[in-house]
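Asker: Let me give you the structure first, and then I'll get to my questions.
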Amino acid sequence: MQITDRHVVVTGGGSGAGLAIARMFAKAGARVTIMGRRREVLQGHGLSFQICDVTDAGSVARAVDAARDDHGPISVMIANAGAVASKPFARMTAADMTASLDVNLTGVFNCWQAALPDMTKAGDGRLIAIASTAGLKGYPYVASYCAAKHGVIGLTRALALELARSGVTVNAICPGFMETPLLEASIDTITAKT
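All letters in the sequence shown, in the order written, are residues 4 to 197 by my numbering.
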């Protein structure tokens, strides 16, 4: 795929891996929109941005519509927004599980659903999830995160087959630990509790 002048959207794009991804696409000549919940995190990077909460389908749809108005149809949607909370399984609550599934799995679903019509119409596009090695194996103290990321892998595999003849590809990238604010917060939590 030639990326010059294509519109790329990156959720969780105000810091960490999302910001690095967004900057790389911008450097390659793409029109980039970053999305996130907090204006103060998104502004100041020299990139177009939209405020949205990936757990809310309406919020995502409004942000995607505004991004489309600014930069045209979306060619690449990178669902990168995520969160992890470290807690022993015995102390987890149903609310903890729901919160993890909402941001890490439903967030991917919401973003891909909002961007897919542009790609279907063009007969070309890329849906990409930044999953995790936690989507491929289990880790202690992050059971809800592992469950959500395993769900992302399943969603990716199913949608890739469904869209196989459409010109739209669906992929998940599964990085290990990266030095990002998300990892730093997780380490701080573990250190404080142990």
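Glycine included, every Cβ here is placed at the ideal spot set by N, Cα and C. Please read all numbers here as calculations on a predicted model, not as lab measurements.
Within the continuous beta strand (DSSP E) that includes Val-155, where are the two ends?
Answerer: Against the sequence shown, residue 155 aligns to sequence position 152. Here Val-155 belongs to no beta strand (DSSP E); instead the alpha helix (DSSP H) covers 146 to 165.
Asker: Tell me the rounded alpha-carbon separation between Cys-149 and Tyr-142.
Answerer: Here residue 149 refers to the residue found at position 146 when the sequence shown is read from its first residue. Here residue 142 refers to the residue found at position 139 when the sequence shown is read from its first residue. Going from the Cα of Cys-149 to the Cα of Tyr-142 covers about 7 Å.
Asker: Arg-129 and Thr-172 look like a contact to me (Cβ under 8 Å); what is the Cβ gap, rounded to whole Å?
Answerer: Within the sequence shown, residue 129 is the residue found at index 126, counting from 1. Within the sequence shown, residue 172 is the residue found at index 169, counting from 1. Their Cβ separation, rounded to whole angstroms, is 6 Å, which keeps Arg-129 and Thr-172 in contact under 8 Å.
Asker: What's the gap between the Cα of Arg-34 and the Cα of Lys-140?
Answerer: For the purposes of this step, residue 34 is taken as residue 31 along the sequence shown, with counting starting at 1. For the purposes of this step, residue 140 is taken as residue 137 along the sequence shown, with counting starting at 1. When rounded, the distance between both Cα atoms is 35 Å.
Asker: Can you tell me which of Ser-169, Pro-178 and Thr-36 puts its alpha carbon nearest to the alpha carbon of Ala-66?
Answerer: The sequence position of residue 66 within the sequence shown is 63, counting from 1. It is Thr-36.
Asker: Suppose you measure from the CA of Met-4 to the CA of Ala-93; what does that come to, to the nearest Å?
Answerer: Within the sequence shown, numbered from 1, the residue matching residue 4 stands at position 1. Within the sequence shown, numbered from 1, the residue matching residue 93 stands at position 90. Looking at the two C-alpha atoms, the distance is approximately 46 Å.
Asker: Give the range of the beta strand (DSSP E) segment to which Phe-52 is assigned.
Answerer: Counting from 1 along the sequence shown, the entry for residue 52 is found at position 49. Its beta strand (DSSP E) spans residues 51 to 54.
Asker: Where do the ends of the alpha helix (DSSP H) carrying Gly-61 lie?
Answerer: Within the sequence shown, residue 61 is the residue found at index 58, counting from 1. Where Gly-61 is concerned, the enclosing alpha helix (DSSP H) stretches over 60 to 74.
Asker: Relative to the C-alpha of Leu-108, which candidate in Gly-154, Glu-43, Cys-55 and Asp-99 has its C-alpha closest?
Answerer: Taking the sequence shown and counting its residues from 1, one reaches residue 108 at position 105. The shortest C-alpha separation from Leu-108 is found at Gly-154.
Asker: Inspect the CB distances between the segment 115 to 131 and the segment 76 to 89 and report whether three or more fall short of 8 Å.
Answerer: The answer is yes - the segment 76 to 89 touches the segment 115 to 131, with three or more Cβ pairs under 8 Å.
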